[in-house]
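Residue numbers (the numbering used here): 640 to 773. Note that the Cβ used here is the ideal one computed from N, Cα and C, for glycine as well. To start, the structure itself, in structure tokens.
This is the structure:
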């Protein structure tokens, strides 16, 4: 019957659609590379390690989903993501991730006792010497 044929072909179409998506976005290779590195390093907190791996991999990218900034040495990174597409677009176009990375670098360099006070001052002064690409 026609119903039996359509229900039998539907799972095949789903699998083909998923395979095409994986191939188009190179997800299988990316996940494989991440897993190989994770298994080599055997971090104590693999989920945090994988998050950091993905952030560093995408450093410098800004998409409709997330904007990531990283230091040149890739030792620190910041991601700015928002569920609302319009808000995310605004955050990415305003380069909020770049400004936050600059503040993070300043905190790392200065290691202040009062981080909030330091951040308030650093944020206030950021317009005097904006980060590269701002």
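query = Rounded to whole angstroms, how far is the Cβ of residue 765 from the Cβ of residue 738, which I believe are closer than 8 Å?
reply = The sequence position of residue 765 within the chain shown is 126, counting from 1. The sequence position of residue 738 within the chain shown is 99, counting from 1. Right, their Cβ atoms sit about 6 Å apart.
Enclosing beta strand (DSSP E) for residue 709 [first to last residue] = As a first step, residue 709 is located in the chain shown; it is residue number 70 there, counting from the start. Residues 706-709.
task = Using 10 angstroms around the beta-carbon of residue 692, count the other beta-carbons present and answer buried if the total reaches 16, otherwise exposed.
result = Here residue 692 refers to the residue found at position 53 of the chain shown. Buried, because 16 or more other Cβ atoms sit within 10 Å of the Cβ of residue 692.
inquiry  = When you compare the stretch 669-683 with the stretch 700-710, are there three or more beta-carbon pairs, one atom per stretch, that lie closer than 8 Å?
reply    = no
task = Check each candidate in 727, 708 and 712 and name the one with the smallest Cα separation from residue 742.
result = By one-based count along the chain shown, residue 742 stands at place 103. Closest in alpha carbon position to residue 742, among 727, 708 and 712, is 708.
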